[in-house]
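The opening residue of the sequence shown carries number 622 in the numbering used here; numbering runs sequentially from there.
The structure appears right after this line, and notes come after that.
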Amino acid sequence: MNFLIENVLKQSEKSAITAEVAGQLQLLKNEHNSKPVVFVGAGTCGLGAGAAETIKMAKKYLSDNNIDAAVIPVGCIGLCSSEPLMDIKLPGKKRISFEKVSGPKVAEILDKIFAEEIPQHPVLGQFHEQKDQTDWPEIPFLKDHYFFKPQVRLVLENCGISNPVSIEEYIARDGYKAYLNALKVFSPAELCDFIEKSGLRGRGGGGFPTGKKWKFALATESDQKYLICNADEGDPGAFMDRAVIEGDPHRLLEGMALAAYAIGATKAYVYIRAEYPLAIDRLVIAIKQAKEYGLLGKDIFDSGIDLDIVIKKGAGAFVCGEETALIHSIEGRRGMPRPRPPFPAVSGLFGKPTIINNVETLSNLTSIVNKGADWFAAMGTATSKGTKVFALSGKIATTGLVEIPMGTSIRDIIYKVAGGIANGKKFKAVQMGGPSGGCVTDVNLDIEVDYENLISVGAMMGSGGMVVMDEDTCMVDIAMFFMDFIQRESCGKCIPCREGTRRMLEILQSITSKPTNRETHEPLARMKGVMQLEKLGKVIKDTSLCGLGQTAPNPVLSTLTWFREEYEEHVFDKKCRANVCQNLREYTIDVEKCTGCTICAKKCPTGAIIGGRKQPHFIIQDKCISCGACEEACNFNAVMVN
622 MNFLIENVLK
632 QSEKSAITAE
642 VAGQLQLLKN
652 EHNSKPVVFV
662 GAGTCGLGAG
672 AAETIKMAKK
682 YLSDNNIDAA
692 VIPVGCIGLC
702 SSEPLMDIKL
712 PGKKRISFEK
722 VSGPKVAEIL
732 DKIFAEEIPQ
742 HPVLGQFHEQ
752 KDQTDWPEIP
762 FLKDHYFFKP
772 QVRLVLENCG
782 ISNPVSIEEY
792 IARDGYKAYL
802 NALKVFSPAE
812 LCDFIEKSGL
822 RGRGGGGFPT
832 GKKWKFALAT
842 ESDQKYLICN
852 ADEGDPGAFM
862 DRAVIEGDPH
872 RLLEGMALAA
882 YAIGATKAYV
892 YIRAEYPLAI
902 DRLVIAIKQA
912 KEYGLLGKDI
922 FDSGIDLDIV
932 IKKGAGAFVC
942 GEETALIHSI
952 EGRRGMPRPR
962 PPFPAVSGLF
972 GKPTIINNVE
982 TLSNLTSIVN
992 KGADWFAAMG
1002 TATSKGTKVF
1012 ALSGKIATTG
1022 LVEIPMGTSI
1032 RDIIYKVAGG
1042 IANGKKFKAV
1052 QMGGPSGGCV
1062 TDVNLDIEVD
1072 YENLISVGAM
1082 MGSGGMVVMD
1092 EDTCMVDIAM
1102 FFMDFIQRES
1112 CGKCIPCREG
1122 TRRMLEILQS
1132 ITSKPTNRET
1142 HEPLARMKGV
1152 MQLEKLGKVI
1162 KDTSLCGLGQ
1172 TAPNPVLSTL
1182 TWFREEYEEH
1192 VFDKKCRANV
1202 CQNLREYTID
1212 VEKCTGCTIC
1222 AKKCPTGAII
1232 GGRKQPHFII
1242 QDKCISCGAC
1252 EEACNFNAVM
1262 VN
């Protein structure tokens, strides 16, 4: 097998592959399999939904029935809300996919499929790629599913389809072809020009042109240069990097190899949070396999190029997503940002020229080199080329990971790809860019996904998290959630971020709570606090040291811009229209339902409930702290929440 793969890798043109080699490749891709293959989505989301039990029951079924078949765990195909997913590929038949396959349902599905019948269990669809394979009658193609139809999958091309721990299968799918051809065709400077021409911009948030960034490091003279892959995604609701590494680790390694060659780096790091054990395990396997095939190490395929890739586990600090803090962490120091310039491309890791790209940026490189800069530049908008991976979560019908062309409207992503708002509720906003981003409301739903467009409405691309909120969401509470996250994750190095975010959080906590003493100036202070939020946020943006601090106030400023009336309701009316802010809830007792059992009065921690035994009870609002103990204790549903 090694001899076969090495011969394939040495081919410059696919047409030069012999018929015998082409047949072997088809077998490696499990497209012309000689025995049945069962694929189970075993990314973190699949395992969380019970995929381990699905795999166990599939193996047991095959063993009990003496069926010679393979069970292959694959990554997440993106449709997280339908996990666990199970696909079956019979010889000569197209691969068919089933959703929500828990362990007890495995035998029923396999019984029918091996009899070449369609089970009653929900079918997700059948794959269309194997043109010469027999269709399953009346089963729709997966590509026509509403979730997949608008997508253009480049980074996610192999996720959920191929075996992530098989370098042979990755190579059979044209893996490492881009890297080895680049070593022959391009000089480092030419590869930088090629990527710059494609229009690829960094997918980590800032959107700086990738090729241009590489040129700074290439032009800097040094005896050692470094490449760092930033896989330390810390945004709430973001899981793109994890899913890509779990589902297609070799694509990331190939992208890193291309980037390292372009800048002249001989050592590269994958900085990944320790909370991603499955992704780390698959990276370890992939690096070992690449070394065994001579794709990493010394004098790669007689090119004179050396490359070593090392995994560095991070402790999960949000600030280490900032590139200078990340560098400090790899060096063994506390993860805290430093002023720039000098920029890392000139003086980075250990004082040497260093390029930092994130997982999605690097995973785009293989497709660009294989298919051309012009091909990639033809997708997207005038300033934002290619595709973007988004993690869809929140109050939507279908959650998961999607890859859509730049220029797609936010409305299409939410209503076409994600299936709209769950439970028939109304759309309210979508938070984009995580804690550093802002919300997009229905006023701007038709805006196209583009770096500049999103910034113009107070949001940002960020790493790609999209948290959708419905009418039952309190935007003040959302702002407080993100500010609490930012305040806890602040490294504390600079005063504007350390103290400013704390003051903003205190103001938000104040206006989401009842005034404790109505005879003092506390109500006035609450109103004044809201007036100061905007001014304080702008000061933090202008004076913080790093990009994370400079974008920390964004969620508050964004919600103030679009939902100021909700802030005013919290301050003046002391009400939360979504009834989410517990400390603003007003509890009353329905005298028609109250039996005077006194249980609520006994449970009240502040003595706010009065009333005689077997007589209707009442709540003294000035004493009530809205803890909800009375509602939980009442057996007659007499306590009402306003």
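We put the CB at the ideal spot given by N, CA and C, even for glycine.
**Message:** Suppose you measure from the CA of Ala1039 to the CA of Glu704; what does that come to, to the nearest Å?
**Reply:** Computed Cα separation, rounded: 15 Å.
**Asked** Where does the unbroken beta strand (DSSP E) through Asp1091 begin, and where does it stop?
**Response** Judged by DSSP secondary structure, Asp1091 falls within the beta strand (DSSP E) whose first and last residues are Gly1086 to Asp1091.
**Prompt:** What is the rounded straight-line gap between the Cα of Gly1055 and the Cα of Pro694?
**Reply:** One Cα belongs to Gly1055, the other to Pro694, and the distance between them is close to 31 Å.
**Message:** To test your reading of the DSSP string, which unbroken beta strand (DSSP E) runs of 3 or more residues are found completely within the region 896-966?
**Reply:** If we require 3 residues or more, the beta strand (DSSP E) runs fully inside the region 896-966 come out as 929-935.
**Asked** With Ala880 and Leu848 assumed to form a contact (beta carbons below 8 Å), what rounded beta-carbon distance in angstroms separates them?
**Response** Rounded, the Cβ-Cβ distance is 5 Å, consistent with contact.
**Asked** When DSSP labels each residue in this structure, what does Cys1215 get in the three-state scheme?
**Response** If DSSP states are grouped into helix, strand and coil, Cys1215 belongs with coil.
**Contact set for Arg1234: own chain, Cβ-Cβ below 7 Å, skip 5 residues either direction** = Answer for Arg1234: Gly1217 and Thr1219, listed in chain order.
**Message:** Looking only at its chain, what residues have a beta carbon closer than 7 Å to the beta carbon of Thr1164, apart from the 5 residues adjacent to it on each side?
**Reply:** Sequence-distant Cβ neighbours of Thr1164 in its own chain, meaning closer than 7 Å and more than five residues away, are Pro1117.
**Proximity winner among Gly1045, Tyr1072 and Gly724, relative to Gly1028 (alpha-carbon distances)** = Per the Cα distances, Tyr1072.
**Prompt:** Looking only at its own chain, which residues have a Cβ that is under 6 Å from the Cβ of Leu986, when we skip the five neighbours before and after it?
**Reply:** Correct list, in chain order: Gly876 and Leu879.
**Prompt:** Can you name, in chain order, every residue of its own chain whose Cβ lies under 8 Å from the Cβ of Ala728, other than the five neighbours on each side?
**Reply:** Here the set comprises Met678 and Tyr682.
**As assigned by DSSP and simplified to three states, the class of Gly662** = In this structure, Gly662 counts as strand in the three-state DSSP scheme.
**Request:** Go to Gln1052, then tell me how far its beta strand (DSSP E) extends in each direction, as first and last residue.
**Result:** Phe1048 to Met1053 is the extent of the beta strand (DSSP E) around Gln1052.
**Request:** Measure the alpha-carbon distance for Leu970 versus Ser655 and round it to whole angstroms.
**Result:** One Cα belongs to Leu970, the other to Ser655, and the distance between them is close to 50 Å.
**Request:** Within 10 angstroms of the Cβ of Val1212, are there 16 or more other Cβ atoms? Answer buried if so, exposed if not.
**Result:** By the beta-carbon neighbour count (other beta carbons within 10 angstroms, threshold 16), Val1212 is exposed.
**Asked** How would you label Gln747, buried or exposed, when you count the other beta carbons within 10 angstroms and need 16 or more for buried?
**Response** It counts as buried.
**Asked** Shortest alpha-carbon distance to Thr1122 belongs to which of Ile1132, Thr1133, Arg959 and Met1101?
**Response** Ranking Ile1132, Thr1133, Arg959 and Met1101 by Cα distance to Thr1122 puts Met1101 first.
**Message:** Please report the distance separating the alpha-carbon of Gly1007 from that of Glu720.
**Reply:** In this structure, the straight-line span from the alpha carbon of Gly1007 to that of Glu720 is close to 30 Å.
**Request:** Return the residue from the list Ala799, Arg955, Pro785 and Leu1066 that minimises the CA-CA distance to Ile908.
**Result:** Per the Cα distances, Pro785.
**8 Å Cβ shell around Ile676 - same chain, five flanking residues per side excluded** = Result list for Ile676: Val661, Ala663, Val692 and Pro694, in chain order.
**Prompt:** Among Ala690, Lys836, Leu745 and Leu731, which one has its Cα closest to the Cα of Cys701?
**Reply:** Distance check between Cys701 and each of Ala690, Lys836, Leu745 and Leu731 places Leu745 closest, using alpha-carbon atoms only.
**Asked** What residues match up with Cys1060 in a beta bridge as DSSP calls it?
**Response** Cys1060 is bridged to Gln1052.
**Secondary structure, beta strand (DSSP E): runs of 3+ residues fully inside the region 1131-1213** = Runs found: 1208-1210.
**Message:** With H, G and I counted as helix, E and B as strand and the rest as coil, what does DSSP make of Glu1069?
**Reply:** Glu1069 falls in the strand class under three-state DSSP.
**Request:** Starting from Glu1024, trace the alpha helix (DSSP H) both ways and give me its first and last residue.
**Result:** Looking at the DSSP string, Glu1024 is not in any alpha helix (DSSP H); the run it does join, the beta strand (DSSP E), is Gly1021 to Pro1026.
**Close-in-space but distant-in-sequence residues of the same chain around Ser1134 (CB under 6 Å, 5 per side omitted)** = Asn1204, listed in sequence order.
**Request:** Below 8 Å on the Cβ atoms is my guess for Met1104 versus Pro1176; work out the distance and round it to an integer in Å.
**Result:** Rounded, the Cβ-Cβ distance is 7 Å, consistent with contact.
**Asked** Using the C-alpha atoms, what's the distance from Glu944 back to His766?
**Response** Distance between the alpha carbons of His766 and Glu944: 39 Å.
**Message:** As a quick exercise: from Val905, Tyr882 and Thr1062, pick the residue whose alpha carbon is nearest that of Leu983.
**Reply:** Nearest Cα to Leu983 within the set Val905, Tyr882 and Thr1062: Tyr882.
**Message:** Measuring alpha carbon to alpha carbon, tell me which residue in Lys1016, Cys1060 and Asn1065 is nearest Ala1043.
**Reply:** Selected option, being the one with the closest Cα: Lys1016.
**Request:** Look at Val891 and Lys836 and say whether their C-beta atoms are less than 8 Å apart.
**Result:** When the beta-carbon positions are compared, Val891 and Lys836 stay at least 8 Å from each other.
**Unbroken stretches of the beta strand (DSSP E), 3 residues or longer, contained in the region 696-720** = Scanning the region 696-720 for uninterrupted beta strand (DSSP E) segments of 3 residues or longer gives 707-710 and 717-719, listed from N- to C-terminal end.
**Prompt:** With 16 as the cutoff for other CB atoms within 10 Å, does Lys1049 come out buried or exposed?
**Reply:** Label assigned to Lys1049: buried.
**Request:** Would you kindly work out how many angstroms separate the C-alpha atoms of Asn1258 and His1238, rounded to a whole number?
**Result:** Each residue's Cα considered, the two are about 13 Å apart.
**Request:** Spatial neighbours of Asp856 within its chain, please: CB distance less than 6 Å, with the 5 preceding and 5 following residues excluded, ordered by chain position.
**Result:** Within the same chain, Asp856 has close Cβ partners Gly1055, Ser1084 and Gly1086.
**Request:** Determine the closest residue to Thr665 out of Glu842, Gln754, Cys780 and Asp927, with distance taken between C-alpha atoms.
**Result:** Nearest C-alpha to Thr665: Cys780.
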